[in-house]
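>
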Amino acid sequence: MIAEATTSVVSNETNPWISAAARFDEAAARLGLDEGLQKVLRTSAKELTVHIPVLLDDGRIEVFTGYRVQHSIARGPAKGGIRFAPDVTLDEVRALAAWMTWKCAVVNIPFGGAKGGVICDPSLLSMAELERITRRYTAEIIEFIGPERDVPAPDMNTNEQTMAWIMDTYSMHMRHTDTAVVTGKPLELGGSRGRPEATGRGCMIVTLQALRRLGLEPGSARVVIQGFGNVGGMAARLMSRAGFRIVCIIEYDGAVYNAAGLDIEALMKHRRETGSILGFEGAEDMDKDEALLMECDVLLPAAKENVITSANAARIRARILCEGANGPTTFEADRILAANGIFVIPDILANAGGVTVSYFEWVQDRQGYFWNEQQVNSRLEEIMVNSFRDVVSYADKHNVHNRTAAYMLALDRVGTAIRLRGLYA
Ligand code: GLU
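Residue numbers for the sequence shown, in the working numbering: 1031 to 1455.
So this is what it looks like as C-alpha cells:
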C-alpha cells in the first residue's frame, strides 16, 4: 500500500535532474570549466538505495524504499536534508543533492552536497510507524553519514523530531552521543537557536536586498507567498512583522487574498483551528492557480518543485521571484522569466539561510558552546547579504542572469577545491 512508489510519468521539463543538469551545462560552458571537472561535477559521487522493512501498527510488514545521494564532498562533509513523500524519485534526490553542493558553495560554507528521501506518505502513518521508518532508514545508511562525512537535516515532511530519532539511532550505534551528525534538532538536543526560522529569514533578507536594488519599499511592496509550512509560513510571519504587505497566501487547497495585507498570526490561528487557510474572515478565498499569476512585487514560491513551468511562466506578473523552495522553476521557464525582466533570486541563494544556520548548529555542536539568537541572526544576515551581493555583482560583471551567475560562482568555488586537492588515483 503506502510503500509503493508512485509511478508518476515525469516529463523532461519537470524532471528536476534534467533541469539541474541543463543549468549546470549552461554555467559550466559560460565559465569555461575544464571538461574533466565538468564530468566530475555533473554526476553524483555516491548513490545509495535501501529497501527498509518496517512493522506497521496493524502487525503487517511493509517495505519502503529510501535513498541517500552524496553529490560532492570536495569542500567538506556532504550536507542536505531528508524528505518523506510518496512521489520521491532517485532523479529528484540527485538534483536536490547537487543543488545542496551549489547552495553551500554560493554562501561559502565548508560543506559539500547531499540529499535523502524515503518513498512514503507521512499523512497515512502513525508517529510510531514514522519513528520505525526513520530509525531503520538511519541504520541502513549509517556508514554513509557522520559529522565528518554527511550531515542530514529536515526537508519536506521531516522535522526536529525526525532529527532527534536519527541522532539517537546513530549515537546508539556509535556507543556515544554525537549531536553533530544531524542539524535541525530540538534545542534541547544540541539544536541551534534561530534554525526553525532560518530559511524564511534568509528569504526575507535577500528579498529586502532585491527590493532596494529595484528602488522599491518593503512597506508598499505586495508579497504573494506559495506554501505556508516551514519555509513559507516562517517567511510570512517574519516579513509581516518587518512591515511587508503579504497580500496572498497560496496553499495546496486554495489561496486567500487581502489587498490591504493579511494578518499572518490570525491566519495561522485559523489554520490551526480549521485545518485550512480557506474561509479566513480577514480575506477572500481564491483559486490557487490564478493566485500565482496575480500582479505583485514579490512572488515567493516556498512549497515544492515545478510550480513555474513553460505552461505558466509567461503569465507570472511579479517584479521579484524569490525561490524559497528548491527547484520551483523549470529550466524552460527560466528563459521566459528572463525575457520578461523578472528579477530572480535563485533557490541556491534564496533558501540558503536554512543550511547556513545548519552550519552554525554543526559548529556549535562540535564546540559544545552555544550562541544566543542575536548572534545567530546577525551572522546569518551577514552571510546572506554578502552572498546576494556576490551573485548580483557576478551577474553584472559577466552579463548573465542571477541564476547563471549563482551557478557559475558555485562551480568556480567547487572546481577550484577539486583542482587544489588534485585527483587521488
Ligand atoms: N533541507 C534544507 C535545504 O534544502 C536544509 C538542508 C540543511 O540544513 O542541511 O536547504
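Ideal Cβ positions, reconstructed from N, Cα and C, are used throughout, including at glycine.
Fair warning: this is a prediction, and the values are worked out from it, not measured in the lab.
Considering only heavy atoms of ligand 1, does any lie closer than 8 Å to the CB of MET1316?
Reading the sequence shown from its first residue, position 286 is the one you call residue 1316. No, Cβ of MET1316 sits at least 8 Å from all heavy atoms of ligand 1.
> Which word fits THR1079, buried or exposed, when buried means at least 16 other C-beta atoms lie within 10 angstroms of its C-beta?
Residue numbering aside, residue 1079 sits at position 49 when the sequence shown is read from its first letter. The residue in question, THR1079, is exposed, as its Cβ has fewer than 16 Cβ neighbours within 10 Å.
> Let me make sure I understand the geometry here. Which of GLU1178, ILE1196, GLY1089, HIS1206 has the alpha-carbon closest to that of PHE1141?
By 1-based counting over the sequence shown, the position of residue 1141 is 111. Cα-wise, what sits closest to PHE1141 is GLU1178.
> As a quick exercise: from LEU1067, ALA1382, PRO1046, pick the residue whose alpha carbon is nearest that of VAL1444.
By 1-based counting over the sequence shown, the position of residue 1444 is 414. Answer by Cα proximity: LEU1067.
> For VAL1212, which residues from the same chain have a beta carbon less than 6 Å from its beta carbon, with the 5 sequence-adjacent residues on both sides left out?
As a first step, residue 1212 is located in the sequence shown; it is residue number 182 there, counting from the start. For VAL1212, where only same-chain residues beyond five positions count, the Cβ hits under 6 Å are PRO1182, MET1193, ILE1196, MET1197.
> Nearest CA to the CA of PHE1174: which residue from SER1156, THR1209, VAL1099?
One-based indexing of the sequence shown puts residue 1174 at position 144. Among SER1156, THR1209, VAL1099, the Cα nearest to that of PHE1174 is on VAL1099.
> When every heavy atom of ligand 1 is checked, does at least one fall within less than 8 Å of the C-beta of SER1299?
Mapped onto the sequence shown, residue 1299 falls at position 269. Reading off the sequence shown, one finds Lys at residue 1299, where the question assumed Ser. No - ligand 1 has no heavy atom lying nearer than 8 Å to the Cβ of LYS1299.
> Beta-carbon separation of LYS1109 and TYR1389 under 9 Å?
Within the sequence shown, numbered from 1, the residue matching residue 1109 stands at position 79. Within the sequence shown, numbered from 1, the residue matching residue 1389 stands at position 359. Against a cut-off of 9 Å, the Cβ pair of TYR1389 and LYS1109 comes out as a contact.
> Give the straight-line distance between the Cα atoms of SER1074 and THR1131, rounded to the nearest whole angstrom.
One-based indexing of the sequence shown puts residue 1074 at position 44. One-based indexing of the sequence shown puts residue 1131 at position 101. If I take the Cα positions, the gap works out to 10 Å.
> What's the call for PRO1083, buried or exposed, on a 16-neighbour Cβ count within 10 Å?
Here residue 1083 is taken as the residue at index 53 of the sequence shown, counted from 1. With fewer than 16 other Cβ atoms within 10 Å, it is exposed.
> How would you write the range of the alpha helix (DSSP H) that TYR1200 sits in, first residue to last?
Along the sequence shown, one-based indexing puts residue 1200 at 170. 1190 to 1204 is the extent of the alpha helix (DSSP H) around TYR1200.
> What does the Cβ neighbour count give for ARG1162, buried or exposed, with the cut at 16 atoms within 10 Å?
On the sequence shown, residue 1162 is found 132 positions in, with the first residue counted as 1. Burial check for ARG1162: the Cβ neighbour count within 10 Å reaches 16 or more, so the residue is buried.
> Output the residue ranges of the alpha helix (DSSP H) runs that lie fully inside the segment 1364 to 1431 and measure 4 residues or longer, sorted by chain position.
1377 to 1380, 1383 to 1397, 1403 to 1428
> Between SER1388 and ligand 1, is the CB less than 8 Å from at least one heavy atom?
Position 358 of the sequence shown holds residue 1388. Yes, ligand 1 has a heavy atom inside 8 Å of this Cβ.
> Hey, would you say the C-beta of LEU1410 is under 8 Å away from at least one heavy atom of ligand 1?
Taking the sequence shown and counting its residues from 1, the one referred to as residue 1410 is at position 380. Result no, Cβ not under 8 Å from ligand 1.
> Can VAL1148 and TYR1097 be called in contact, C-beta distance under 9 Å?
Here residue 1148 corresponds to residue number 118 of the sequence shown, with the count starting at 1. Here residue 1097 corresponds to residue number 67 of the sequence shown, with the count starting at 1. Closer than 9 Å, so yes.
> Any heavy atom of ligand 1 closer than 8 Å to the CB of VAL1444?
Within the sequence shown, numbered from 1, the residue matching residue 1444 stands at position 414. No - ligand 1 has no heavy atom lying nearer than 8 Å to the Cβ of VAL1444.
> Report all residues from its chain with a CB closer than 7 Å to the CB of MET1269; omit the five preceding and five following residues, and keep chain order.
On the sequence shown, residue 1269 is found 239 positions in, with the first residue counted as 1. Excluding its 5 nearest sequence neighbours in each direction, MET1269 has C-beta neighbours in its own chain below 7 Å: MET1234, VAL1253, ILE1276, listed in chain order.
> Counting pairs of beta carbons, one from the segment 1401 to 1408 and one from the segment 1363 to 1379, are three or more of them closer than 8 Å?
no
> Starting from the C-beta of MET1264, find all residues in its chain whose C-beta is less than 8 Å away, skip the five residues before and the five after it, and write them out in chain order.
Taking the first residue of the sequence shown as position 1, residue 1264 is located at position 234. Cβ neighbours of MET1264 beyond the five flanking positions: PRO1226, GLU1227, THR1229, GLY1230, ARG1231.
> What is the DSSP secondary structure of GLU1034, reduced to helix, strand or coil?
Indexing the sequence shown from 1 puts residue 1034 at position 4. Residue confidence is low: GLU1034 scores 36 on pLDDT, short of 50, so the model does not pin down where it sits. No coordinate-derived value is stated.
> From which residue to which residue does the beta strand (DSSP E) around ILE1255 run?
One-based indexing of the sequence shown puts residue 1255 at position 225. 1252 to 1256 is the span of the beta strand (DSSP E), which, as asked, contains ILE1255.
> Whole angstroms are fine: how far does the CA of PRO1046 sit from the CA of SER1038?
As a first step, residue 1038 is located in the sequence shown; it is residue number 8 there, counting from the start. As a first step, residue 1046 is located in the sequence shown; it is residue number 16 there, counting from the start. With a pLDDT of only 41 at SER1038, under the threshold of 50, the placement of this residue in the model should not be trusted; the figure read from the coordinates follows. Computed Cα separation, rounded: 14 Å.
> Would you kindly check if the distance between the Cβ of GLY1284 and the Cβ of LYS1318 is under 9 Å?
The residue labelled residue 1318 in the question sits at position 288 within the sequence shown. The residue labelled residue 1284 in the question sits at position 254 within the sequence shown. Yes; because the gap between Cβ atoms is below 9 Å, this pair is in contact.
> Which first and last residues belong to the beta strand (DSSP E) in which GLY1096 is found?
Taking the sequence shown and counting its residues from 1, the one referred to as residue 1096 is at position 66. Counting along the chain, the beta strand (DSSP E) containing GLY1096 begins and ends at 1091 to 1102.
> Got a sec: does ligand 1 put a non-hydrogen atom nearer than 8 Å to the Cβ of ASP1456?
There is no way to answer for residue 1456, as the model of the chain reaches only from 1031 to 1455.
> Tell me the residue span of the alpha helix (DSSP H) that contains THR1229.
Stepping through the sequence shown from its first residue, residue 1229 is reached at position 199. Element bounds for THR1229: 1225 to 1243.
> Cβ atoms of CYS1352 and MET1324: under 9 Å apart, would you say?
Sequence index remark: in the sequence shown, residue 1324 carries index 294 (1-based). Sequence index remark: in the sequence shown, residue 1352 carries index 322 (1-based). Cβ atoms of MET1324 and CYS1352: not closer than 9 Å.
> What's the call for GLU1303, buried or exposed, on a 16-neighbour Cβ count within 10 Å?
Taking the sequence shown and counting its residues from 1, the one referred to as residue 1303 is at position 273. That one is exposed.
> How many angstroms separate the CA atom of LEU1219 from the CA atom of VAL1430?
Numbered from 1 along the sequence shown, position 189 holds the residue referred to as residue 1219. Numbered from 1 along the sequence shown, position 400 holds the residue referred to as residue 1430. Their backbone Cα atoms lie some 44 Å apart in a straight line.
> Comparing C-alpha positions only, which one of GLU1362, GLY1291, THR1207 sits nearest to ASP1395?
Within the sequence shown, the letter at position 365 stands for residue 1395. When each option's Cα is compared against that of ASP1395, the closest is THR1207.
> Rounded to the nearest angstrom, how far is the Cβ of GLY1111 from that of TRP1129, given a contact under 8 Å?
Position 81 of the sequence shown, counted from the start, is the residue given in the question as residue 1111. Position 99 of the sequence shown, counted from the start, is the residue given in the question as residue 1129. That belief does not hold up - the Cβ atoms of GLY1111 and TRP1129 are roughly 11 Å apart, past 8 Å.
> Output yes or no for whether 9 Å exceeds the beta carbon distance between PRO1310 and LEU1330.
As a first step, residue 1310 must be located in the sequence shown, where it is residue number 280. As a first step, residue 1330 must be located in the sequence shown, where it is residue number 300. The sequence given here has Phe at residue 1310, not Pro. In this structure, LEU1330 does not lie closer than 9 Å to PHE1310 by Cβ.
> Compare the beta carbon distance of SER1049 and ALA1125 with 9 Å and say whether it is the shorter of the two.
Locating residue 1049 in the sequence shown gives position 19, where the first residue counts as 1. Locating residue 1125 in the sequence shown gives position 95, where the first residue counts as 1. Contact annotation: SER1049 and ALA1125 have beta-carbon atoms nearer than 9 Å.
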